[in-house]
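Undergrad: Below is a structure I'd like to ask you about.
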Amino acid sequence: MQQPQPQQEDILVWFLRVWGQIEANYIRILTGFGIAIVAALIVLFFYRAQTQRADAARIALGDVYIALYEGRVEDAIASSQEVMETYAGEAEAGEALMALANLHYEEGRIAEASTYFQQYLNEYPTDGPLGYGAWSGLASCLESAEKFAEAGQQFASFAEAHSGSPFAPIALKEAGRCYELGKMPQQASDAYQKIVKEYAESSVTRFARGQLGMMGVEID
Numbered sequence: 038m039q040q041p042q043p044q045q046e047d048i049l050v051w052f053l054r055v056w057g058q059i060e061a062n063y064i065r066i067l068t069g070f071g072i073a074i075v076a077a078l079i080v081l082f083f084y085r086a087q088t089q090r091a092d093a094a095r096i097a098l099g100d101v102y103i104a105l106y107e108g109r110v111e112d113a114i115a116s117s118q119e120v121m122e123t124y125a126g127e128a129e130a131g132e133a134l135m136a137l138a139n140l141h142y143e144e145g146r147i148a149e150a151s152t153y154f155q156q157y158l159n160e161y162p163t164d165g166p167l168g169y170g171a172w173s174g175l176a177s178c179l180e181s182a183e184k185f186a187e188a189g190q191q192f193a194s195f196a197e198a199h200s201g202s203p204f205a206p207i208a209l210k211e212a213g214r215c216y217e218l219g220k221m222p223q224q225a226s227d228a229y230q231k232i233v234k235e236y237a238e239s240s241v242t243r244f245a246r247g248q249l250g251m252m253g254v255e256i257d
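Residue numbers for the sequence shown follow the working numbering, so the first one is 38 and each next one is one higher.
Right under this line is the structure:
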């Protein structure tokens with residue numbers, strides 16, 4: 038039995054149509070081809086469904102970026118929320134969640150931003166650019182509330198949890214900066230010294246050495 042390749046048909050309608058033909062010709066299918074053809078059609082259905090869902094998620098995320106480009110902040114927030122809820126589990130939903138968090142932060146809605154940054158860390162990988170963005174986003178929320186010690190610790194925690202990440206020395210630099218704002222020179226010095234000792238080739242090492250020099254800390 039040959040079935041034309043579906044073109045513009047809705048995938049579920051197509052699958053039900055194929056399944057109807059399978060039921061109508063069940064004995065002939067089993068006799069001529071075996072149960073494998075039934076399994077293959079089921080696999081194809083789920084593969085096409087996943088592909089279609091991923092494509093739809095990318096298109097929906099594109100609407101978020103278009104709204105941002107055009108300066109329609111509230112539309113971008115609404116679109117981000119929709120993508121996040123509709124395509125939960127897809128990578129695009131994570132991007133939308135980060136966009137939502139950052140948009141709330143930019144609009145001064147710090148409590149909402151903090152909630153969404155934490156949600157990202159709870160539901161998605163905590164390393165990589167977006168992972169670091171969520172860690173640093175939470176730290177920025179704390180810093181905006183002048184909780185400099187907590188902000189510094191948030192940055193330092195990322196470096197500790199992801200010491201091999203290229204963002205680790207950057208996180209330590211930000212930790213030192215927050216500790217300095219909070220008048221915690223020892224913690225700031227520790228963060229800067231860790232950069233110099235463990236990330237000597239980092240682009241922020243010169244900055245760390247400069248800060249340590251102003252603190253009167255000698256580094257070999």
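For glycine and all other residues, C-beta sits at the position ideal for the given N, C-alpha and C.
Mapping DSSP to helix, strand and coil, what is Phe204?
TA: coil
Undergrad: How about the segment 232 to 240 and the segment 216 to 223: do they share at least three Cβ pairs that are nearer than 8 Å?
TA: no
Undergrad: Please report how far the alpha carbon of Gln248 lies from the alpha carbon of Ser226, in whole angstroms.
TA: 8 Å
Undergrad: Would you identify the three-state DSSP class for Lys220, choosing helix, strand or coil?
TA: coil
Undergrad: Considering only C-alpha positions, which residue in the set Trp172, Gly253, Thr152 is nearest to His199?
TA: Trp172
Undergrad: Using a threshold of 8 Å, state whether the C-beta atoms of Ala196 and Leu179 are closer than that.
TA: Their beta carbons are not under 8 Å apart, which means Ala196 does not touch Leu179 by this criterion.
Undergrad: Using only CA atoms, which one of Gln118, Glu183, Gln190, Gly168 lies nearest to Ser202?
TA: Gly168
Undergrad: Excluding the five sequence neighbours on either side, which residues of its own chain have a C-beta within less than 7 Å of the C-beta of Ala188, listed in chain order?
TA: Apart from the 5 residues on each side of it in sequence, Ala188 sits with its Cβ closer than 7 Å to the Cβ of Ala176, Leu179, Glu180, Cys215 in its chain, given in chain order.
Undergrad: Can you check which of these residues, Ala133, Lys184, Tyr124, Glu160, is closest to Ile147 by C-alpha distance?
TA: Lys184
Undergrad: Suppose the cutoff is 7 Å on Cβ atoms and the five residues either side in sequence are ignored; what does the same chain contact list for Ile207 look like?
TA: Val241
Undergrad: Got a sec, what are the start and stop residues for the alpha helix (DSSP H) Asp112 sits in?
TA: 110 to 123
Undergrad: Pick helix, strand or coil for Ser226, following the three-state DSSP scheme.
TA: helix
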